[in-house]
Structures are given as C-alpha cells and as structure tokens.
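S.K.: Under our numbering, think of the first position of the sequence shown as 34, with each following residue one higher. Before I ask anything, here is the structure I am working with.
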Amino acid sequence: MPENIFVVGADAFNMRKMRNLNIGTEHRIHELLSFDEVKGGGYYPVEECLALAERRLNAFEGSIDAIVGYWDFPVTVMVPILCHRRNLPSPSLESVLRCEHKYWSRIEQRKVIPEFTPPFTEVDPFDDAEVNNIELPYPFWIKPIKGTDSLLAFKVRNRQDLREAIGAIRAGIRRIAEPFDHILSHAQLPEEISRVRGHHCIVEALIPGRQCTVEGYVCHGRPWHHGIVDSINYPKRSSFLRYQYPSSLPKRVKDRLGEATGRLMRHLGYDNATYNVEYFYQPNSGRIGLLEINPRLSQSHSDMFEKVDGASNFQIMVELALGREPDFPLRQGKYGCAAKFHVRVFEDGIATHVPDRREVEAIERQFPGTLIEIRIKPGMRLSDLIEQDSYSYDIAHIHAGAENQKALLEKYNRILEALNFEFAPVDAVEAESPEVPGIAVR
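What follows is the structure, given as structure tokens:
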C-alpha cells in the first residue's frame, strides 16, 4: 500500500517538485490545505483551517502517514498541532514557538550562543510610554513578535522613522497578532513569555555583514546541516536579490555556523523536522550575528539543492515526516552553483504588461533548466500584493543554474532582459493619462 503524505499550504510550483520525489517507497502526495486557503487572503484563518484540515483527514479513506508543510506562519505551527493529534513524527509545538516567537527565541539564543545574539528588547507598539523609552540606540530594527516575509519590519534611524513605523505597525499588526495569539493558547509558555503577546514587537540592534542561511534537520535528537546558502541583497537596499548555493564563505566560517546551529537546535528541543537559520558574518572582524530561526525548510532553496546536489530538500522533509533517517546526496547535480533570483520593483505601480505563459515557456526553453514564477497579473496594483517586505514588491522569481557564479549572473541578466514587464505610475493610471511612462524593473 502506498504511504499517504498530506501537505499544508500546497502551491502548484512546489507540489510539482514534491510529486517527483524519489524516496525509495511507493507514496502519494495529497493537498490537505492549499496555499490560498492558509495564506492567500492576506490574513491567517488558523482556527478555520485547523478545523477544515481535521474534516478532510477524517474523511480520507486510507492511512495517514505524514503531514508536512514548507511555508512560514501559520503553516509552521499548524503542522505540529495536526501531527500531535495523530501521533505522527513532528517537533513539539513549544519547540516550534521557541523558534517562531521572536522574543522567546532571542531569550533562548542568549542562553546558548550569546556571542551570536544581538542586543534586543520587546515593546508594546500601542503603549506610547514604552515606545518613547526604547533603550536601544539608533539605528535598530523593529518587527512584530511573529512576522512573515519581513512584513511590518522597519529599519529605524531616528525618531521620525520610529513614528512612521509605529503608525504602520498599529494599522497592520492585528491580522497576524490575533491568529498568533490563538496558537499561543495551545502551548505551555513560561511566565516571562506568556505576557508578550502577538501584538508586541521586538526591537533589535542592526547586524552588519554578509547574510547566509544554514539549512539542516534534527532526527531523533541529532542535528545535521546539509547546506549553507548565501543571501544577497540588492545593492544598498534591505531587499533580497538572490539566494545562491553553495555558499562562498570560508570553510572555517561554515564549520562555526554548523556547530553553533547544532548546539542551538538541541537546546531548543526541536526534533524530527527541518530547519533553516539565518546569520550575518562580518569578514573583517569574524563576528557572527544570528538573524532568525525558521522551523521549516526553505522552499526557496529547493530547486538550488536539486540543481547542485541532485535532490531537493523536500526529500529530507518527507523522510523525516515518515519517521526515517534522511539519505541526502551531495554535489551530484548538473550544476556547480544555482540561485533563486527575486525580481523586484521599488515603487508602487500598475502592471500594464506581464509575460504570459507562452512567453515564459519560450524563455525557459531558451535557457534549459531555468524555472520562472510570475507573481503578478496584468492590471494588478503592486501594493495589493500580500506578504511583501516594507521596501519593495516581489514580482517574479527566476530559478537558474550554471557552472560558476560568473556564468550564473550572465544567464540571469539575459533572462531578465527577455522578460517584458511594463508598469504605469498609480497617479497616471488613476488620472487616465494617455501617455504613461513606465517604471523600471531593476
């Protein structure tokens, strides 16, 4: 009989990859909840989604062998709740929250890797006295206690920046605070953490340096990392340009990152699942700062691992969810390096032309091995996109591989030139101007 694996937050692009997995046994991949059901509406109906998932699982005629997910909140917290109810392999909800709850996570990080933990504090953004008495010096980041995709995360350089950030946070935080509070009600929290609710924010010192991510897993209490990925921003901006694998960091730095991450995940009690932990490394001083812990694999890395190592990280996720020790290849793929590029626009606008499926497929044929995801539609206003960072609009993803970095960047630039996006300024469209200048994509 095939093993039945259920996916929370299933989307077409990643489900295609999951259905091509080779895990050595007969299995079937099922959509338990779609991406649109759990995240696509710009809000997080956690209670409704948990109830809907239960109804679908109860109606399924067959074995339920694994429940998995690869997206951020609320998927990361729904999976352990659903698994616990059926005694399926999964980390505990509390161990996931030690990663997800930014303040709780910093408290635990400081206990085991204090040298990697930046100065931080928590603040209630609705309490003027607390906001006016933040002790960290400028500049700093202010973020919701539970964030997703840098939503409502602001770099604050002065009092004016703080006022603007607090205004935006007060206006938008409830849509993630309320469902996160619902999840917190399922968990046993330490007293010092239970008072810091979903509407709170964390304030953190800036961490300079090169950004990278350690991706790995814990199996029966033993942590292991299978890759380190570089995260490269647009020049002089806080928004991602690309993820690139393998990392170009020196081996001694990779070893430090791997060892520290293993100690941290053991301390958190996280087990039987994948993780990715983001860091900054300063080449001149050798200092390392931890940005955040994600209790899941990064679906953004999946195609890169497949291109370079010969298998996607979804294989590890599924094997762990079935209670098995993962068997992951190394450097057995077709390419020496690979990347996921984020095509962004840095000002609002209306999409007047977007490459259609036929155009995209023609470009993919021109550049074999390339996959292109278009994230907008003609007529869409960019500010209507959900889960964007605070400074840009993510309009497309380009997954590509090459022999080396030079060839990879050359390929990306050629693909970007072939993709024809056109935008009009919002004011000009609203005024129905006959001549509307375009907005640059780069």
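Backbone N, C-alpha and C define an ideal beta-carbon position, used for all residues, glycine too.
Go to His375, then tell me how far its beta strand (DSSP E) extends in each direction, as first and last residue.
M.R.: From DSSP, the beta strand (DSSP E) with His375 extends over Cys370 to Val378.
S.K.: Would you call the segment 323–339 and the segment 62–82 in contact, with 3 or more CB pairs under 8 angstroms?
M.R.: Result no; under three Cβ-Cβ pairs closer than 8 angstroms.
S.K.: His63 bridges to which residues according to DSSP?
M.R.: Per DSSP, Phe39.
S.K.: Could you give the distance in angstroms between the alpha-carbon of Gly254 and the alpha-carbon of Ser128?
M.R.: Going by the C-alpha atoms only, they are around 12 angstroms apart.
S.K.: If we count the other Cβ atoms within 10 Å of its Cβ and call it buried at 16 or more, is Asp69 buried or exposed?
M.R.: So Asp69 counts as exposed.
S.K.: Any contact between the segment 227–243 and the segment 316–323? By contact I mean 3 or more CB pairs, one from each, below 8 angstroms.
M.R.: With the cut-off at 8 angstroms, the segment 227–243 and the segment 316–323 touch.
S.K.: Touching or not, the segment 374–388 and the segment 289–306, by the rule of three or more beta carbon pairs under 8 angstroms?
M.R.: Result no; under three Cβ-Cβ pairs closer than 8 angstroms.
S.K.: Any chance you could list the beta strand (DSSP E) runs of at least 3 consecutive residues sitting entirely within the segment 54–123, in chain order?
M.R.: For the segment 54–123, whole beta strand (DSSP E) runs of length 3 or above, ordered along the chain, are 60–67 and 99–102.
S.K.: Check whether the Cβ atoms of Tyr136 and His232 lie closer than 9 angstroms to each other.
M.R.: No, the pair does not count as a contact, with Cβ atoms beyond the cut-off.
S.K.: Where does the unbroken beta strand (DSSP E) through Leu452 begin, and where does it stop?
M.R.: Looking at the DSSP string, Leu452 is not in any beta strand (DSSP E), and its letter there is neither H nor E.
S.K.: Which residue marks the beginning of the alpha helix (DSSP H) containing Ala395, and which one marks its end?
M.R.: Taken as a continuous stretch (DSSP letters only), the alpha helix (DSSP H) holding Ala395 covers Arg390 to Gln399.
S.K.: Tell me, please, which residues DSSP counts as bridged to Asp427.
M.R.: Answer is Arg377.
S.K.: Go ahead and pull the three-state DSSP assignment for Pro470.
M.R.: Note that Pro470 scores a pLDDT of 37, beneath 50, so its modelled location is shaky; the value from the coordinates is reported in the next line. The answer is coil: DSSP assigns Pro470 none of H, G, I, E or B.
S.K.: Run through DSSP, which three-state label would Ala15 get?
M.R.: Residue 15 lies beyond the stretch modelled for the chain, which goes from 34 to 475, so this question has no answer here.
S.K.: How should Tyr171 be labelled, buried or exposed, when 16 other C-beta atoms within 10 angstroms of its C-beta is the threshold for buried?
M.R.: By the 10 Å Cβ count, Tyr171 comes out exposed.
S.K.: Can you find the residues in the same chain that come closer than 8 angstroms, C-beta to C-beta, to Asn266, ignoring five residues on each side of it along the sequence?
M.R.: Here the set comprises Gln244, Ser272, Phe273 and Leu274.
S.K.: Among Ala45, Glu94 and Asn53, which residue has its Cα nearest to the Cα of Met34?
M.R.: Among Ala45, Glu94 and Asn53, the Cα nearest to that of Met34 is on Glu94.
S.K.: Can you tell me which residues form a DSSP beta bridge with Asp263?
M.R.: The partner list for Asp263 (beta bridge, DSSP) reads Cys245 and Gln277.
S.K.: From Met48 to Asp160, what distance separates their C-alpha atoms?
M.R.: Each residue's alpha carbon lies about 43 angstroms from the other.
S.K.: Return the CA-CA distance between Glu168 and Val378, expressed in angstroms with no decimal places.
M.R.: Computed Cα separation, rounded: 35 angstroms.
S.K.: So is Gly412 buried or exposed if we call it buried at 16+ other beta carbons inside 10 Å?
M.R.: Flag for Gly412 reads exposed.
S.K.: Ignoring anything shorter than 3 residues or poking outside the segment 278–341, list the beta strand (DSSP E) runs there in chain order.
M.R.: Within the segment 278–341, the complete beta strand (DSSP E) runs of at least 3 residues are 306–314 and 321–327.
S.K.: With 16 as the cutoff for other CB atoms within 10 Å, does Gln193 come out buried or exposed?
M.R.: Result: exposed.
S.K.: Along the beta strand (DSSP E) that carries Glu155, what are the first and last residues, could you check?
M.R.: It spans Phe153 to Val156 - the beta strand (DSSP E) in which Glu155 sits, taken as one unbroken run.
S.K.: For Leu476, is the classification buried or exposed, using 16 other Cβ atoms within 10 angstroms of its Cβ as the cut-off for buried?
M.R.: Limits of the chain in this structure are 34 at one end and 475 at the other, which puts residue 476 out of reach.
S.K.: Determine the DSSP secondary structure at Gly23, reduced to helix, strand or coil.
M.R.: The first residue shown for the chain is 34 and the last is 475, placing residue 23 beyond what the model contains.
S.K.: Which residues in the same chain as Asn506 place their Cβ atom closer than 8 angstroms to its Cβ, once the five residues preceding and following it in sequence are excluded?
M.R.: This structure leaves residue 506 out entirely; the chain is present only between 34 and 475.
S.K.: Which of the three DSSP states, helix, strand or coil, is assigned to Arg49?
M.R.: Helix at Arg49.
S.K.: Using 8 angstroms for Cβ pairs, my map puts His259 next to Ile349. What's the rounded Cβ distance?
M.R.: That pair is a contact at about 7 angstroms.
S.K.: How many Å lie between Arg39 and Pro122 at the Cα?
M.R.: Looking at the sequence shown, residue 39 is not Arg but Phe. Looking at the two C-alpha atoms, the distance is approximately 13 angstroms.
S.K.: Could you name the residues that DSSP lists as bridge partners for Ala344?
M.R.: None; Ala344 has no bridge partner.
S.K.: In three-state terms, what does DSSP make of Glu352?
M.R.: Helix, per DSSP.
S.K.: Measuring only the C-alpha atoms, how far is Pro467 from Pro458?
M.R.: No answer about Pro467 holds up, because its pLDDT of 39 lies below 50 and its placement is not dependable.
S.K.: Along the alpha helix (DSSP H) that carries Val164, what are the first and last residues, could you check?
M.R.: First-last of the alpha helix (DSSP H) with Val164: Asp161 to Asn165.
S.K.: Taking the straight line between their C-alpha atoms, what separation do you get for Pro279 and Glu443?
M.R.: If I take the Cα positions, the gap works out to 18 angstroms.
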